[in-house]
Each structure stands twice: as structure tokens, then as C-alpha cells.
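Novice: Supplied in C-alpha cells, the structure appears directly below.
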Amino acid sequence: MRKSLRYLALTVLAAAIMASCHKKDEEKDYMSGNMEPGIPAYKVCGTTCIGHTGGITTPSSGVKYYWTDSYHTSDTTWRNAGEAFYFIVPDSLAKYSVTETAVADGYYNDLYVSYVTAIMPWLGGSVVGLPEPKDSIQDARDDQFYHIVDVGNLLWFAENLNYYSSGSGYEGADDIGLVLGRLYTWKEATLGESKSGLGEGPQGICPDGWTVPTNEDWEDLAKALSGEEHPFLSRWPGVGNYVMSAATFNSDRFWPYSVNTDLKNSVGWNALSAGMSQHQHHNFSGLLSYAYFWSATERDSDNAYYRYLYFDLSDFPFNYTEKDAPGFSVRCVKKK
């Protein structure tokens, strides 16, 4: 009998301890706030990403932070809010995670996971499958080089403009502009100046001697590619095949396979699916499926024309949109 009573007492005590532990866990609160550390979505291999701890607002004090990543040894040095942490991007083309964790007594841990895609911004690096460039120019403003191609009555950039004075890289990452160019609103691209006529576009954001292409410049490109007249305000059936490239980005196809397209890239115009931005570069979409290019010719005081490509469409259609909302790619042209 005594043994049974003792066993019962121990059982009750163990249950009480477990109940106490559960009660203690239940008394923990959840943190609140925005911990986003500012890690860029794309970064050149071998360079350093700098993030900053912080963002937790509840509790208002006593919070410590640390970070880990999916490649290097974890850094478990505790940091206060506002202190920096560093992630060296590996030399392998891959997507890496960086996790910031917040810890405070009486609260469940909170965390924020960022992803960084490592890139190599040179031919044969992240981008494989483009033709060997034959000619290039250097932008005296920032010393960047751009491959160019002779098509019809004009010289065209064979890659998207990447001038940093305005616009945005995809997902706000500057380094990806070295591969895809930057995205600009129409007002940023043209500096608000609409023009028409072959080779008569505004310089806008282009280098000295180069201009943002007009509707007539785009028509000249279509005729040179297809051998037929194509009014700007038409869908340009089949013309998309002549400019889309079968190149890859970090081993992924820029243009996913489709039975509806035949990617010829016949003159090395090198159209890549750089996507777009929206709401003045606050949202991004369309990477590896769409490309959008401004015309310098406005439709009316509020809207301007553009052309676009889609992986499942062989056409090169036109449309129009607000001048100061979406961000598209810019190709610069020059009279021969």
C-alpha cells in the first residue's frame, strides 16, 4: 500500500511539473515587427552582402540577433539592433539562404529568411548561349561597355541599358543590371520627352549620340528582321522569333520551351526575358518569361507605347501604359 501511495505521489508530482512547463511555454508571447535586413536578391560571386539586424518592435528592448546562412559556417555572435552582418557570396552559381534570428526572454524566436542568387556578369558566366559580340561602345558616363548590332538603317544596343542614374535592377538588386540591364519608367527613360521619326528619338537616359527608339525605329527593326513592312500598331506576327535568344541564365532558359516559338535570334539582337517592375519599382514580375521595351513615342499625355515578348508567343506585340508607373527595359539606337 505504501509503495502504491508513493508511486501515486510521484506520478502526481511529475504531472504537476509537466503542467508547469506547459504553462510556462504558454506564457511566452510572439514578437512583432519587420526584420527585413536588406540583403539583395542578386549579387556577384565573391562580393559581400551587408545586412543589418533589427526591426522587432515588440518587445521594445532586450532583443538580440544572430544570423546563419546555407553555405558558410554560422555566425552566432550576438548583435544589437542596427548592427551589420556580412555574407560573402560563394563562387558557385546557386541560390543561397541567409537567416536572421531574433531572441528575447519570454518570447518565441522570430526569424527572417532572405535569398541571394549568385551571378557572374560576363559571357560564359551566368549567361550562356549568346553569339560572340562583334562590336561594342563604351558609355563615357560610367565606363560600361555595350555590345551593338547593325540592323536596317540603325545601330542598336544588343543588350539592355544599365545606367544607374535612375531606374532599378530586378527586385531592387543593382548587380543583376550587369546581366539584364535596369528597368526604367517611360519618364525616366526619355526624361519626359516624346519624339517620332527614324533615328529622331530623345537622348533621354542613353549615352551621348544614342537615343531611345521611336515607333519608326521599331518599324525599321521589324522590316530588317522579317523583310516585310510592319506598322508599329500591329502584332508583328512571327517577329519575336527573330529577336529572342535561346541563352540560359544560371542554367535556366531565359525563354522556357514552347511549341509556339522558334528562337532564331537571327541578327544577335539578344532579347532576354528581363521582366518588369510596377508601382515605381516596388514590385517585380515576369523574369524568365517576359520582356518589355519602351518606345520614345507617346500615345497621349498620360500614356506611352511599348513592345513586349512572351515565351509562349512568336509575335512581338505593342501596347501602351502609364508613363510613370511600370518599369521596362531600354534599348538605345543610333543613325548610321
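Residue numbers (the numbering used here): 73 to 408. Yeah, the Cβ is synthetic: ideal placement off N, Cα and C, and Gly gets one too.
Tell me which same chain residues have a C-beta within less than 6 angstroms of the C-beta of Tyr114, skipping the five on either side of it?
Specialist: The count along the sequence shown starts at 1 and reaches residue 114 at position 42. Closer than 6 angstroms at the Cβ level, and outside the excluded window around Tyr114, lie Thr189, Ile191, Ala245, Asp247 and Ile248.
Novice: Look at the Cβ atom of Thr333, then the Cβ atom of Phe383, and state whether they are nearer than 8 angstroms.
Specialist: Translated into positions along the sequence shown, residue 333 becomes position 261. Translated into positions along the sequence shown, residue 383 becomes position 311. Yes.
Novice: Is the Cβ-Cβ distance between Gly105 and Ile128 less than 8 angstroms?
Specialist: Within the sequence shown, residue 105 is the residue found at index 33, counting from 1. Within the sequence shown, residue 128 is the residue found at index 56, counting from 1. Yes. Within cutoff.
Novice: Where does Lys167 sit, in a helix, a strand or coil, going by DSSP?
Specialist: For the purposes of this step, residue 167 is taken as the residue at position 95 of the sequence shown. Residue state, collapsed to three classes: strand.
Novice: Starting from the Cα of Glu288, find the closest Cα among Leu297, Ala368, Tyr138 and Gly312 and give me that residue.
Specialist: Position 216 of the sequence shown holds residue 288. For the residues Leu297, Ala368, Tyr138 and Gly312, the minimum Cα distance to Glu288 belongs to Ala368.
Novice: Are there three or more Cβ pairs, one per stretch, closer than 8 angstroms when the segment 176–183 is compared with the segment 148–164?
Specialist: Touching, no.
Novice: Below 8 angstroms, can you find three or more Cβ-Cβ pairs linking the segment 267–282 to the segment 345–364?
Specialist: With the cut-off at 8 angstroms, the segment 267–282 and the segment 345–364 do not touch.
Novice: Is the CB-CB distance between Trp341 and Val223 below 8 angstroms?
Specialist: Position 269 of the sequence shown, counting from 1, holds the residue named residue 341. Position 151 of the sequence shown, counting from 1, holds the residue named residue 223. Yes.
Novice: Should the segment 386–395 be regarded as contacting the segment 213–230, the criterion being three or more beta carbon pairs within less than 8 angstroms?
Specialist: As far as the Cβ criterion goes, the segment 386–395 does not touch the segment 213–230, which means the pair count is below three.
Novice: For Asn337, which option in Tyr138, Ala318 and Ser330 has the closest C-alpha, if you only look at C-alpha atoms?
Specialist: Within the sequence shown, residue 337 is the residue found at index 265, counting from 1. For the residues Tyr138, Ala318 and Ser330, the minimum Cα distance to Asn337 belongs to Ala318.
Novice: Measuring straight from C-alpha to C-alpha, what distance separates Lys95 and Phe159?
Specialist: To locate residue 95, count along the sequence shown from 1; it is residue 23. To locate residue 159, count along the sequence shown from 1; it is residue 87. For Lys95, the predicted model reports a pLDDT of 43, less than 50, meaning its position is unreliable and no value from the coordinates is stated.
Novice: Nearest to Trp194 by alpha carbon, out of Thr173, Tyr218 and Trp327?
Specialist: Position 122 of the sequence shown, counted from the start, is the residue given in the question as residue 194. Among Thr173, Tyr218 and Trp327, the Cα nearest to that of Trp194 is on Tyr218.
Novice: What three-state label does DSSP hand Val402 in the structure shown?
Specialist: For the purposes of this step, residue 402 is identified with residue 330 of the sequence shown, where counting begins at 1. Residue state, collapsed to three classes: coil.
Novice: Do you know offhand how far Ser92's Cα is from Tyr102's?
Specialist: Position 20 of the sequence shown, counted from the start, is the residue given in the question as residue 92. Position 30 of the sequence shown, counted from the start, is the residue given in the question as residue 102. Low local confidence applies: a pLDDT of 45 at Ser92 is under 50, so the model's placement there is unreliable, and no value is given.
Novice: Within a Cβ cutoff of 7 angstroms, which residues of the same chain sit near Ser240, ignoring the five residues on either side of it in sequence?
Specialist: Here residue 240 corresponds to residue number 168 of the sequence shown, with the count starting at 1. Within the same chain, Ser240 has close Cβ partners Arg254, Leu255, Ser349, His353 and Gly399.
Novice: Keeping to the same chain, check which residues put their C-beta closer than 8 angstroms to that of Lys408; ignore five residues upstream and five downstream.
Specialist: The count along the sequence shown starts at 1 and reaches residue 408 at position 336. For Lys408, where only same-chain residues beyond five positions count, the Cβ hits under 8 angstroms are Asp222, Asn225, Leu226 and Leu227.
Novice: Is it buried or exposed for Ile277, if we count other Cβ within 10 angstroms and need 16 for buried?
Specialist: Stepping through the sequence shown from its first residue, residue 277 is reached at position 205. Ile277 should be labelled buried.
Novice: Ser298 by DSSP, collapsed to three states: which one?
Specialist: As a working note, residue 298 is residue 226 in the sequence shown. In this structure, Ser298 counts as helix in the three-state DSSP scheme.
Novice: Does the beta-carbon of Glu291 have 16 or more other beta-carbons within 10 angstroms, so that it is buried, or is it exposed?
Specialist: Counting from one through the sequence shown, the residue named residue 291 turns up at place 219. By the neighbour-count rule (16 or more Cβ atoms within 10 Å), Glu291 is buried.
Novice: Have a look at Pro328 and Tyr168 and give me their C-alpha separation to the nearest angstrom.
Specialist: Indexing the sequence shown from 1 puts residue 328 at position 256. Indexing the sequence shown from 1 puts residue 168 at position 96. In a straight line, the C-alpha of Pro328 is about 23 angstroms away from that of Tyr168.
Novice: Let me check one thing: in DSSP terms, what residues is Leu183 bridge-paired to?
Specialist: By one-based count along the sequence shown, residue 183 stands at place 111. For Leu183, which the question treats as bridged, DSSP gives the partners Thr173.
Novice: Leaving out five residues on either side along the sequence, give the residues of the same chain with a beta carbon under 6 angstroms from the beta carbon of Ala88.
Specialist: Within the sequence shown, the letter at position 16 stands for residue 88. Confidence at Ala88 is low in this model, with a pLDDT of 46, below 50, so the placement of that residue should be treated as unreliable; the coordinate-derived value is given next. Result list for Ala88: empty, nothing under 6 angstroms.
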